[in-house]
Each structure stands twice: as structure tokens, then as C-alpha cells.
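Chains as they are written, first to last, in the numbering used here: chain B, 1 to 315; chain L, 1001 to 1535. Using N, Cα and C, we set each Cβ at its ideal position, and we do this for glycine too. Some notes on the structure that comes next.
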């Protein structure tokens, strides 16, 4: 197990190093000068030179890369060109919305999908199964912003249970913050839950055909006990993979939902920085998102090992 | 009084009649063997007794266990009964255990489930049970996972689970089919001992008549969902009343006669070949000692010679086969076909590859289901330098199919339309189409029913007379090797420990490994029946 952990950690560090190098290369070394890109076509040469030295573009690339990564390791992400505030501060604020929202949505998706998937698999081929499958088909097909608008119409405008948008900040108390994030989380969770339900169902169906499930029945376990005691944990392995992918998406890919609910999240920050050509912010946020995705994969890898003893001893 | 009583059991799945008025009895301590070919309904009978038939199966008739009626019993009562009164051991030990639970937990589960025992007490009893089936706690702690055990050891765990509560009836469905002969002998001894010790009725389902004749008190022969003959073992072996029983036994002991080996220089020459695999990593820099899969193996096969290769699983047969086919490099030594090395700069030599063909065990898994038979058979033709014309390929396909006893028109069909025996014929046609110098049969008849196997062996003997084939026949089934090989090689731990003319080796084995293999292999000794029919 320790060896597996060390191996995974090594691959984590390596992935981060490679990712930072690629991001740096794409943004800074790719054709075109970042400073002239940021200032647009009609920039004055003096302004350009000033920005170049401010951005540190006049020092060699290797040194710049080291300064950038070194800065990130100490929490210094540079200063936003547009807002003139430290990027770390801006990012921290946005993560305070995006991370809880992603976790909230993911938790909802899991809470819906796992019982639904088990339910459908247990009634394979019957009406209940067809019903659940039909619902997931709908969930996958309907875009989440439409869900979002329906939720706002019903729960915010009609019944006034939840706010229609905005985020009060965590300093207004946990209740208010969670309250504000509930509708966006549901809108984000439903399509993900639909996907996860299908994966859970097919994975469990596959496991139910395995020989050891028959062995368990021969021991005297009921069908339900067999599924819960022997089926579920085996069926979780592909489900974990999907959960990892979904988290990555929910963390940074939620720009439309953030727009609908007017939430100050990471997705919007990326969008705004790209529009404002604020490369320093883009670079740092992209690196941060990459870091989060790699971390999630790392956690998923550890979860695999927790679920499947064969992985622990193989590597 | 009988323990299990089956009366007029009929099972239908959809429109198919799977079991047709089966009647059977098993007494306490009795070993009943249920035998017959695949699809005869053996496993269905077992599942019907367990009341674990597939959903939608229609059942009529009556099954009683110690006077208690199982048919029509409600599911909760059946759950209490399964595992407690009836235990079951399945065919495939590699997959019969939950891969993510320890063996201790899986054995203890039966005890905890039925007796409500606490975890500590259940674990103690599980340890005792594992010890009883030959897995002592010092070497096999309860915390082991199934993947850390060999096939035979896993089968012991499954048996420990099945006997945990000393069931009155134990059903073993092909419990040793996936195991090699020495492990098979141990498992059979264990099952027999348990049945006697606990006075358990044992239903042993197996297609292997040699096993049947050794272990069973009574034999029931099944065909197409019916029991065609049942009698105490000595009586059934002597009488073989039903024509199907006679056919089954004749096919099982089927021998073919091969033409003489023409003299000549060696075709395949393996000299001092070794291959080892890196050991498991044991830290950043340390590795376990490498596994030496093949050590210093030298052998020659002459043109027209049929050589058999036997040995327990893990003895290096597969590694050697892969090396001959040029699919894997060797660490040292050379393998040449007609003087040319099979590997050229680490790559298989195409000119050599088309002169070597292989037929694998699994007639179901070794074909692409989306290609027509014609395309499957002509696949090796693409190894040729000058491609055959389409017309020429069609001719070759038709000839190959005819050679193996199929119709030229079968080339247009798909593989799922054929039975297991026919698929193996197609595999042979594929191997034959380029008239290779050497064919490797890797457990090629092991998955087939005895009657099908007998016909495939006849086919091979016929082809041998027509085309002067040379083959290397790898099998764990000694009786098959004995009839299709002129010379036999015995492998153990990567080395060829004994070789010689087949009959000499089988009659007077000199190495201890050969002696053990032969002693462990069940032998079917038939008293001559009064009306022996030839197949």
C-alpha cells in the first residue's frame, strides 16, 4: 500500500511539473508577445515597453518560468493587470464559491445516482428500470442551463424558497451561503446524476453476472444482501472514474450556471480574464485548475486502492 | 431413507425444455456423479436443487431434502436453507470468490449469516475450516485476498465456505475442471473425505468419466435434459446399457492411430533456451529474484513428428510456446525452423511465421465475431509476400473447409452460427490453409465434449495421413497426449525433465514428476461391456 502511495505521489508531482511547463510554453512562448496581445493592436510603444518590464518579459524565459513556478509554490501568483490586485486574492475568493459548489453538486449527484443505479439494476428489464433509464436519458439530453432556468422559475420566482441568483459570501453565515448555492448545485447535479446513474447501473449489472455473486447466493444470502455486501464495492470501480471526471468538470466548467445564477466563480473569472486579455490571471487560474484535476485523479487513484485490494499488491 | 429426492423435475426456460422429468435420489454420505456432455442439463439440475434457476424458468415436479419440500418454498426459507443444509462448489475457482473481500471474511460470512455468530467466533471457526481444507493459518492467514492464492487454493476456500455449516448435501459443479491433474487429485480426495467424515450427500457434476469412475458410488448419465441411465458405479461401468452411455465411454477412451514418422533432419530446433521474467519490485531499488520460466530447454522436432508436451500449470509450457511462435524474446539460446531463427532482430520473421500456425483452447474467444468464416480462415494468407487472388483464396478456403469436414458454403457464415466442435474445426482450417510446417495445438481439445473431442482427434489423424503434419500438442490431459503424440516431453519448473517415445514414458516413467502426474491423472478402467459399440 505504501509503495502504491509513493508511486502515485511521484506521478502526481511529475504531472504537475509537465503541466506547468506546457501552460507556460503555450501562453508565453507561443507566437506573439503577451504584452502586445494584452494591450491590443493600437498600443503605444512606450506603454508596451513599460508593460513588458512590469510583466518581467525582458528576462530570459527559463528564469521567468522558474520565477513563475517558484512564486506559485509560495502562494504568489502575480498581480492582475486589469484589476491591479494580487491574483492569489482573486482566485481565493472565487475558489470559495466554486469549490463548495462543485462539492455540493457532486454530493447531490452521488446521493441521487447510487441508489437510483442500484434500484434500476436490481429491477433489470422491468418497468422500474425502464423508468429510471428514461429519466436519465432526459437528464443527459436536457442542458443544465435549462434546468437552471426552470428551477429559478419554480423555486425562486413562483415559490420564493431560494434566491434567484447571487452569492452573499461566507461571512453572512453557513446557512445563507448554502441556501444561495442550492439551486445552482441542483442544476449542475442533475445531468451528472443521470450519467452516474447509468454508469452505476451498468457496472452493477455486470457485477451481478459474476460467479462470486452466485457463490454468495449459494451461501444463503438474499438477492438484496448479495448486491449490498458483494456487488456494490466491486461495481464502484468504474463509478469512481466517472466521479473523478465529473468533479473536474464541475470545478471549472460551470461558467454557464455561474452566469445564470450570477455567481462569482472560477469559470466566470477565466471568462472575464480571457475577454480582458489578462494573461497573468488566465495562466495562474489554468494552472490552478490543472492542479485541482490532478489532485482529484490522485485521490481517485487512492480510492481505487481502498476499494480494490488487487491494486495494492500489484504496484 | 434418502436425503435428496427429486421426482419428475421438469424445467423450461422460455420454449426450451431444459430438464425433462428428472428423478434422482441421494442418500446421506453417498457420492452421486452426474455426468453427460455440455447442455445435457447437469448444472441446471444443481441450480434447480438450490432453487437458483435463472429468472423466468418454469419448474414442475418435486424436490425434497430430508422430507422438506424445496419446490414452492418461499424465498426467505430458501435463504435460510442454502448454505446451511445445501452447500455448493462451483467450477471456476478463479472467479467464484469476491475479489475485494478477504478469504477469512468470505468463509466467516456463511457462519455469521446462519448462526448469528459474533465476528471473533466466526473468524476462529473460519480459520479452523480453512485449516481443515488444507490452508493452515500460519501460511494462509484469514487476511489473504483471493488474488493472492492459486486456483487450487481458491477452490479450497470455496469448499471451506460450502462445508462451513456441515450441510447435509454438497453439490460440486465441475469442481476440478479448471485445475491441473495433481491439484485435481487433491481436491477430489478432500471432497471424498469430507463426504465420508460428515456423512454428507455429495452430488458431483463432471463431464470427466475417469473422475466419475474413481469417486462416485453411483452414476447418473444425462442427455438432452433426461437421465438416460443410472446405476451403482461398478454396475454402470460393467453394463453400460444405454447406447449413449456406451458412446460416451467409448469416446472418452478414444484412441487414434497415427502414421509412422518419416526419418529426416530436425524441423524445429530449440537449443538451450532460457527465459526469465523480472521479479516483483520490492522497494525503490530492490526486486524479488527473477522467475525463471524456461531454463535451458533443448529439443528437436523432426518433420512429420507429433510431439506432446505435458506439465502442471506454471511449468513454462506457455512461455515456451510463445517463444516458438516468435511472440516473445528469449534471454539466451536459439530457436530455428529449418535452420532459420524464428526471431529476426527481435522481430518475428514473417517468412517463418507463415510456416508456423497455432490452434488455441478457446473456440469461442479466439475468433473475431464480426468477420465471416471465410475471412477468418484466410487471415494467415496476408502473411504471404505475394497475395493470393480472390479466386485463388476462395478455392483455398473451400479446400480447407472441406478438409476439416465442413462445407465450402460455410465461408459466408459467421462464427456464432457454429457449435464448439465446429469452431475448433474452423480453427484447424485456419491453421491448415497455408500448409504450415509446424502446428502448435495449445490445449486445443480441452474445452470440448468427449464425443466432439473424439471426432476432432479422428480428424487430426486423417489430416496427418493426407498432409504429413508436424505438431506440438500441449495438453494437461494425459490420455489425449498419449494418443496424438509419438514422443512426449514432460516439463517441470521450466525444465524438460523427461522425454521419450510416448508409450515408453507412459509405461515406465523415470522422473518423479512424470510419475506424480501419471499417478494423479484419473484413469478410466473399463471392464469390457457385453455389447461394445464402436463410435
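Beta strand (DSSP E) containing residue 1293(L): first to last residue? Translated into positions along the second chain, residue 1293(L) becomes position 293. 1291–1302 is the span of the beta strand (DSSP E), which, as asked, contains residue 1293(L).
If you pair each beta-carbon of the stretch 1206–1216 of chain L with each one of the stretch 1028–1038 of chain L, do three or more pairs fall below 8 Å? In this structure the stretch 1206–1216 of chain L touches the stretch 1028–1038 of chain L; the number of beta carbon pairs closer than 8 Å is three or more.
Does residue 1026(L) get closer than 8 Å to chain B when you measure Cβ to Cβ? Within the second chain, residue 1026(L) is the residue found at index 26, counting from 1. So no, residue 1026(L) is outside the interface.
Just the C-alpha distance for residue 1102(L) and residue 1142(L), rounded to the nearest angstrom, thanks. Translated into the one-based positions of the second chain, residue 1102(L) becomes position 102. Translated into the one-based positions of the second chain, residue 1142(L) becomes position 142. CA-to-CA, the gap between residue 1102(L) and residue 1142(L) works out to about 7 Å.
Using a Cβ-Cβ cutoff of 7 Å, what residues of the stretch 228–259 of chain B are near chain L? List them in chain order. Result list: 230, 233 and 234.
Going along chain B, which residues have a C-beta under 7 Å from residue 1109(L)? For the purposes of this step, residue 1109(L) is taken as the residue at position 109 of the second chain. By Cβ distance, chain B contributes 219.
If you follow the alpha helix (DSSP H) that residue 1198(L) is in, where does it begin and where does it stop? The sequence position of residue 1198(L) within the second chain is 198, counting from 1. Boundaries of the alpha helix (DSSP H) harbouring residue 1198(L): 1181–1198, taken from the DSSP string.
Rounded to whole angstroms, what's the CA-CA distance from residue 1532(L) to residue 1071(L)? Just pull it up for me. Numbered from 1 along the second chain, position 532 holds the residue referred to as residue 1532(L). Numbered from 1 along the second chain, position 71 holds the residue referred to as residue 1071(L). The predicted position of residue 1532(L) is uncertain, since its pLDDT is 48 and thus under 50; a value taken from the coordinates is nonetheless stated next. Between residue 1532(L) and residue 1071(L), the C-alpha separation is close to 40 Å.
Start and end of the alpha helix (DSSP H) containing residue 65(B)? The count along the first chain starts at 1 and reaches residue 65(B) at position 65. That run of the alpha helix (DSSP H) goes 61–73.
Bounding residues of the beta strand (DSSP E) (the contiguous stretch that carries residue 228(B)): Stepping through the first chain from its first residue, residue 228(B) is reached at position 228. Unbroken run through residue 228(B): none, as it is neither H nor E.
Per-residue burial, residue 127(B) [other beta carbons within 10 Å of its own, 16 or more giving buried]: On the first chain, residue 127(B) is found 127 positions in, with the first residue counted as 1. With fewer than 16 Cβ atoms within 10 Å of its Cβ, residue 127(B) is classed as exposed.
Chain B contact for residue 1096(L) (CB, 8 Å cutoff): Locating residue 1096(L) in the second chain gives position 96, counting from the first residue. Judged by the 8 Å Cβ criterion, residue 1096(L) is in contact with chain B.
Residue nearest to residue 199(B) in terms of C-alpha spacing, selected from 53(B), 142(B) and 113(B): The residue given as residue 199(B) occupies position 199 in the first chain. When only C-alpha atoms are compared, the closest one is 113(B).
How would you write the range of the beta strand (DSSP E) that residue 1277(L) sits in, first residue to last? The sequence position of residue 1277(L) within the second chain is 277, counting from 1. Unbroken beta strand (DSSP E) run through residue 1277(L): 1266–1277.
Examine chain B for any beta-carbon lying closer than 8 Å to the beta-carbon of residue 1058(L), and answer yes or no. The residue labelled residue 1058(L) in the question sits at position 58 within the second chain. Chain B places no beta carbon closer than 8 Å to that of residue 1058(L), leaving this residue out of the contacts.
Please determine if the stretch 1192–1203 of chain L and the stretch 1223–1231 of chain L are in contact, where contact requires at least 3 C-beta pairs separated by less than 8 Å. Look at the beta carbons and you see the stretch 1192–1203 of chain L not touching the stretch 1223–1231 of chain L: under three pairs across the two are nearer than 8 Å.
Quick one: residues in its chain with C-beta nearer than 7 Å to the C-beta of residue 305(B), no 5 flanking neighbours on either side, listed in chain order? In the first chain, the residue the question calls residue 305(B) occupies position 305. Result list for residue 305(B): 1, 4, 311 and 312, in chain order.
Give the single residue among 1022(L), 1437(L) and 1057(L) whose Cα lies nearest to the Cα of residue 1040(L). Reading the second chain from its first residue, position 40 is the one you call residue 1040(L). With respect to the C-alpha of residue 1040(L), the residue from 1022(L), 1437(L) and 1057(L) having the closest C-alpha is 1022(L).
Count the other CB atoms, across all protein chains shown, that sit within 10 Å of the CB of residue 1248(L); report buried if there are 16 or more and exposed otherwise. Counting from one through the second chain, the residue named residue 1248(L) turns up at place 248. The C-beta of residue 1248(L) has 16 or more other C-beta atoms within 10 Å across all chains shown, which makes the residue buried.
Around the Cβ of residue 1244(L), are there at least 16 other Cβ atoms within 10 angstroms (buried) or fewer (exposed)? By one-based count along the second chain, residue 1244(L) stands at place 244. Around the beta carbon of residue 1244(L), 16 or more other beta carbons sit within 10 angstroms, so the residue counts as buried.
Measuring only between beta-carbons, confirm whether residue 210(B) sits less than 8 Å from chain L. Position 210 of the first chain, counting from 1, holds the residue named residue 210(B). At least one CB of chain L lies nearer than 8 Å to the CB of residue 210(B).
Is the stretch 1070–1090 of chain L touching the stretch 1151–1166 of chain L in the sense that three or more CB pairs, one from each, lie closer than 8 Å? Touching, per the Cβ criterion.
Would you mind giving the Cβ-Cβ distance between residue 247(B) and residue 296(B), rounded to the nearest angstrom? I have them listed as a contact below 8 Å. The sequence position of residue 247(B) within the first chain is 247, counting from 1. The sequence position of residue 296(B) within the first chain is 296, counting from 1. 5 Å between Cβ atoms; contact.
Quick check: is the beta carbon of residue 1128(L) nearer than 8 Å to any beta carbon in chain B? Locating residue 1128(L) in the second chain gives position 128, where the first residue counts as 1. Residue 1128(L) does not count as touching chain B.
Residues of the stretch 1131–1148 of chain L with Cβ closer than 8 Å to any Cβ of chain B, in chain order: So the close ones are 1145, 1147 and 1148.
Every unbroken beta strand (DSSP E) inside the stretch 1323–1358 of chain L [3 residues or more]: If we require 3 residues or more, the beta strand (DSSP E) runs fully inside the stretch 1323–1358 of chain L come out as 1332–1337.
What's the gap between the Cα of residue 105(B) and the Cα of residue 274(B)? One-based indexing of the first chain puts residue 105(B) at position 105. One-based indexing of the first chain puts residue 274(B) at position 274. Rounded to the nearest angstrom, the two C-alpha atoms are 26 Å apart.
I'd like the list of long-range same chain contacts for residue 1105(L), defined as Cβ closer than 7 Å, with 5 residues on each side in sequence excluded. Residue numbering aside, residue 1105(L) sits at position 105 when the second chain is read from its first letter. The beta carbon of residue 1105(L) is closer than 7 Å to none in its chain, skipping five residues each way along the sequence.
Where does residue 5(B) sit, in a helix, a strand or coil, going by DSSP? Along the first chain, read from residue 1 onward, the residue named residue 5(B) stands at position 5. In this structure, residue 5(B) counts as helix in the three-state DSSP scheme.
Pairwise C-alpha distance: residue 1273(L) and residue 1330(L): In the second chain, the residue the question calls residue 1330(L) occupies position 330. In the second chain, the residue the question calls residue 1273(L) occupies position 273. Answer to the nearest angstrom: the Cα atoms are 7 Å apart.
Please state whether DSSP places residue 998(L) in a helix, a strand or coil. With chain L represented from 1001 up to 1535, any question about residue 998(L) goes unanswered, as that position is not in the structure.
So, using beta-carbon positions, are residue 180(B) and residue 170(B) closer together than 8 Å? Reading the first chain from its first residue, position 180 is the one you call residue 180(B). Reading the first chain from its first residue, position 170 is the one you call residue 170(B). The answer is no: Cβ separation not under 8 Å.
Just to make sure I have the definition right: I need the residues of chain L whose C-beta is within less than 9 Å of the C-beta of residue 203(B). Which are they? As a position in the first chain, residue 203(B) is number 203, starting the count at 1. Chain L residues near residue 203(B): none, gap ~13 Å exceeds 9 Å.
In its own chain, which residues sit with a C-beta less than 8 Å from the C-beta of residue 1535(L), not counting the 5 before and 5 after it? In the second chain, residue 1535(L) corresponds to position 535, counting from 1. Confidence is the limiting factor: at residue 1535(L) the pLDDT is only 41, short of 50, which leaves the residue's position unreliable, though a coordinate-based value still follows. 1247, 1250, 1251, 1254, 1451 and 1454, listed in sequence order.
So, do the stretch 221–241 of chain B and the stretch 84–93 of chain B have three or more beta carbon pairs nearer to each other than 8 Å? Counting C-beta pairs with one atom in each stretch, the stretch 221–241 of chain B and the stretch 84–93 of chain B have fewer than three that are closer than 8 Å, which means they do not touch.
Could you have a look at residue 1092(L) and say whether DSSP puts it in helix, strand or coil? In the second chain, residue 1092(L) corresponds to position 92, counting from 1. Residue state, collapsed to three classes: coil.
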